[in-house]
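Report on the following structure.
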Amino acid sequence: MDKVMAVNAGSSSLKFKLYEMPEEKVLCSGNAERIGHEDAIFGIKWGSESEKKVLPILDHAAAVQLVVDALIEKKIIHSMDEIVAVGHRIVQGGKYFSHSELFSKDTEDKIESLIPLAPLHNKAHLVGFRAFKKILPNVTSVAVFDTAFHQSMEPQDYVFPIPYEYTTKYDCRRYGAHGTSHQYLSQEATKYLKGNKHPRIISCHIGSGASITAIKDSKCVATSMGLTPLGGIMMGTRTGDLDPSVMNYLCTCTGKSVEEMYQIFNKKSGFLGVSEVSNDSRDVLAAVDEGNEKAILANKLFIRRIADFIGQYYVRLGGVDMIIFSAGIGENSYEIRESICKEIEPALGLKIDYEKNKGKRGVEVVISKPESPIVVAVIPTDEEVMIARDTYHFYKK
Ligand code: AMP
79 MDKVMAVNAG SSSLKFKLYE MPEEKVLCSG NAERIGHEDA IFGIKWGSES EKKVLPILDH
139 AAAVQLVVDA LIEKKIIHSM DEIVAVGHRI VQGGKYFSHS ELFSKDTEDK IESLIPLAPL
199 HNKAHLVGFR AFKKILPNVT SVAVFDTAFH QSMEPQDYVF PIPYEYTTKY DCRRYGAHGT
259 SHQYLSQEAT KYLKGNKHPR IISCHIGSGA SITAIKDSKC VATSMGLTPL GGIMMGTRTG
319 DLDPSVMNYL CTCTGKSVEE MYQIFNKKSG FLGVSEVSND SRDVLAAVDE GNEKAILANK
379 LFIRRIADFI GQYYVRLGGV DMIIFSAGIG ENSYEIRESI CKEIEPALGL KIDYEKNKGK
439 RGVEVVISKP ESPIVVAVIP TDEEVMIARD TYHFYKK
């Protein structure tokens, strides 16, 4: 039976999920963390069992070997040949990739050339790919890009109003992110929109990273993240969109360099920066309940930013048939969903069943009433299964 592995390699981590295809049955999942350290952590879950151990994992190849050894030792597979393909999540595909691609020298070179646009991610993805290639040299390897789904945007949606020379010479434009998630959500949404030949969807992937995408006829027409995932709505630690002069002004005020301020915009802003409590929405909401003024403001800002993008995309799509909430906050926080819906309800005419919205966490559920002109649903995202599907597709070709 064909087994396909979905991989997400970071600079010091390697997440994996093994599927039996085409059934899409999850056989196991796991993570190697702190790669490069003597006290790295390796965790794996299979069936109802799980194991976690601390051990030296000196590089990504050692992590891959550990994964393969664990699969055999735990009898999840009997031989390495059962793994027919490996799909790698790649954060930045730039202008080159509008769909997933088989790994070739050319694919590798293009991913490498995009490192300046996603320095930490693309570099780490290549390290992960090369490590798998070393341990499993004969498998089909596929690159699945976070940006690919957004390549269908029109120039007026992705070009920044900067000197055009910078757009062409440096490829400085909107690429978006979370594309694999938005595509998965739009595919899952079709079952709620049967008979609608031109569905218009706004998908809200709101986790610690957050983005909103407008989808028409199954294609992305606009997305909130920009050149990098820093753009768009406010997030756990990222600013989202800002007046560009904020950078210049704050560097002058604080004496910090552009790079230092850029790190602050990425890692110390958003929920964390405004609330001064936490980047985690649960902590912020707990502080809201205690009457913490900054937490209340942070939460209001977050809701307002999301509502503004929904309004913008309502116009961009010429109306909307379905709004989807997903990812950590979208799937789990009924409070934030409720606040967003209350903010957009008067203009969009939604009818929400707020009791249903309070139901079980993390499950797929329609929260709008039957008479609502717009279907509003919570759909748990699944980027890994999309990676496995695309990868299996290349293997079978
Ligand atoms: P993600 O990046 O998709 O994993 O989402 C992380 C965000 O989801 C964090 O801000 C968490 O506070 C939020 N989150 C995760 N689980 C829950 C939960 N059970 N209730 C409320 N928020 C949650």
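Position 77 (the sequence shown) corresponds to 155 in the working numbering; numbering is contiguous.
Note that CB positions come from ideal geometry on N, CA and C, so glycine has one too.
No experiment lies behind these values; they were computed from the predicted model shown.
Shortest Cα-Cα distance from Tyr253 to any of Tyr262, Ile213 and Thr306 involves Thr306. Looking at the DSSP output, Arg278 shares a beta bridge with Lys294. Per DSSP, the beta-bridge partners of Ser219 are Val164.
In the DSSP assignment, His199 falls outside any beta strand (DSSP E) and lies within the alpha helix (DSSP H) extending over Pro197 to Ile213.
Distance from the Cα of Ile119 is smallest, within the candidate group Gly125, Val132 and Glu127, for Val132. Ala148 is positioned such that its CB atom lies no closer than 8 Å to that of Ala466. The closest heavy atom of the ligand AMP lies less than 7 Å from the beta carbon of Ser359.
Under the 8 Å Cβ criterion, the stretch 294 to 301 counts as touching the stretch 225 to 232, having at least three qualifying pairs. Straight across, the Cα-Cα distance linking Gly285 with Leu214 is about 33 Å. If you draw a 10 Å sphere on the C-beta of Thr469, you find 16 or more other C-beta atoms in it, and that means buried.
Around the beta carbon of Lys95, 16 or more other beta carbons sit within 10 angstroms, so the residue counts as buried. Apart from sequence neighbours up to five positions away, the residues of its chain that approach His177 with a beta-carbon distance below 6 Å are Ala226, ordered along the chain. Here the C-alpha atom of Lys103 lies approximately 43 Å from the C-alpha atom of Leu375. The DSSP-derived three-state label of Glu98 is strand. Setting aside the 5 residues that flank it on each side, Tyr236 is surrounded in the same chain by Arg251 and Arg252, each with a C-beta closer than 7 Å to its C-beta; the list follows chain order. Between the alpha carbons of Glu416 and Ser446 lies a gap of roughly 11 Å. Remark: the shortest separation between the CB of Ala405 and any heavy atom of the ligand AMP falls under 7 Å. Taking all protein chains shown into account, Thr185 has 16 or more neighbouring C-beta atoms within 10 Å of its C-beta and is therefore buried. Of Phe387, Gly389, Val355 and Ala385, the smallest CA-CA separation from Ala373 is found for Val355. Per DSSP, Leu149 lies in no beta strand (DSSP E); the unbroken alpha helix (DSSP H) holding it starts and ends at His138 to Glu151. By the CB criterion at 8 Å, Ala425 and Gly369 fall outside the cutoff. Shown here for Val443: same chain residues with a beta carbon closer than 7 Å to its own, the five before and five after excluded, namely Lys434, Gly437, Ala455 and Val456 in chain order.
The beta-bridge partner set that DSSP reports for His115 consists of Ile135. Per the C-alpha coordinates, the member of Cys282, Pro233, Gly408 and Ile407 positioned closest to Asp386 is Cys282.
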